[in-house]
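Participant: Letter by letter, the sequence shown follows residues 75 to 225 of my numbering.
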Amino acid sequence: MRIALYEPEIAGNVGAVMRLGACLGVAVDLIEPLGFAWDDRRVRRTAMDYIDHVSVTRHAGFAAFQGARAGSRLVLFTTKATQSAYDFRFAADDVLLFGKESAGVPHGVADSCDVALRLPIRAEVRSMNLATAAALALGEALRQTGALPAG
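1. Between which residues of its own chain and T131 is the CB-CB distance below 8 Å, once the five residues before and five after are set aside?
2. Quick check on DSSP: helix, strand or coil for V131?
3. Between the C-alpha atoms of H127 and A78, what's the straight-line distance to the nearest angstrom?
4. Grouping DSSP H, G and I as helix and E and B as strand, with all else coil, what is L23?
5. For C187, which residues in the same chain have their Cβ closer than 6 Å to its Cβ, ignoring the five residues on either side in sequence?
6. Looking at the secondary structure, which residues open and close the alpha helix (DSSP H) in which L212 lies?
7. Return the CA-CA distance between V189 and A111, expressed in angstroms with no decimal places.
8. Quick one: is A90 buried, meaning 16 or more other Cβ sit within 10 Å of its Cβ, or exposed?
9. What does the Cβ neighbour count give for I195, buried or exposed, with the cut at 16 atoms within 10 Å?
10. Taking a contact to mean a Cβ-Cβ separation below 9 Å, would you say M92 touches L170 in this structure?
11. Quick check: T219 and L191, are their CB atoms within less than 9 Å of each other?
12. Which first and last residues belong to the beta strand (DSSP E) in which R76 is found?
13. For A177, which three-state DSSP category applies?
14. Can you look up D103 in the DSSP assignment and give me helix, strand or coil?
15. With 16 as the cutoff for other CB atoms within 10 Å, does D168 come out buried or exposed?
This is the structure:
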């Protein structure tokens, strides 16, 4: 299983997702362009020393990412989906895709995904923080596939 971030804009969110990947043993794909300089100190500050325990791959764009994912199912998380992540059966090789904080993913990217899921939230609010959404989605996917760390 992998987490992919489409054109993330906030360094702190990327750092938090990298730390999540380190803690749960999941690689992270970053689909460029990024909304910040890669050497932004906020990435390292949020990821802390966990940054050395996660595999991160940067892709020059969505086409490059698509070419590298080698047939894994691409599972998009979006507020526009109708199917709940809790009513979906995850597979061990799924790639969980999250869009940029301000706009999600464009229609062309969404259309290329195998499935679109949502995390249920109250109607009065718009969306969750990217790193929070990734944590909830990844936790459920790993739980379902029996891949949560034993420690």
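Beta carbons: idealized from backbone N, C-alpha and C, even for Gly. In this text, all values refer to a predicted model and were calculated from it rather than measured experimentally.
Facilitator: The answer reads as follows:
1. Excluding sequence neighbours, T131 sits near A101, V102, D103, L104, A142.
2. Note that residue 131 is Thr in the sequence shown, not Val. Strand at T131.
3. H127 and A78 have their C-alpha atoms roughly 17 Å apart.
4. Here the chain has residues from 75 to 225 only, and residue 23 is not among them.
5. So the list reads L148, L150, once near-sequence residues are dropped.
6. 204 to 219 is the span of the alpha helix (DSSP H), which, as asked, contains L212.
7. The alpha-carbon separation between V189 and A111 amounts to approximately 31 Å.
8. When all chains shown are included, A90 counts as buried.
9. Exposed.
10. No, they are not a contact pair.
11. No, these two residues do not count as a Cβ contact at 9 Å.
12. Looking at the DSSP string, the run of the beta strand (DSSP E) that includes R76 is 76 to 80.
13. Of the three classes helix, strand and coil, the one that applies to A177 here is coil, per DSSP.
14. Here D103 sits in strand by DSSP.
15. That one is buried.
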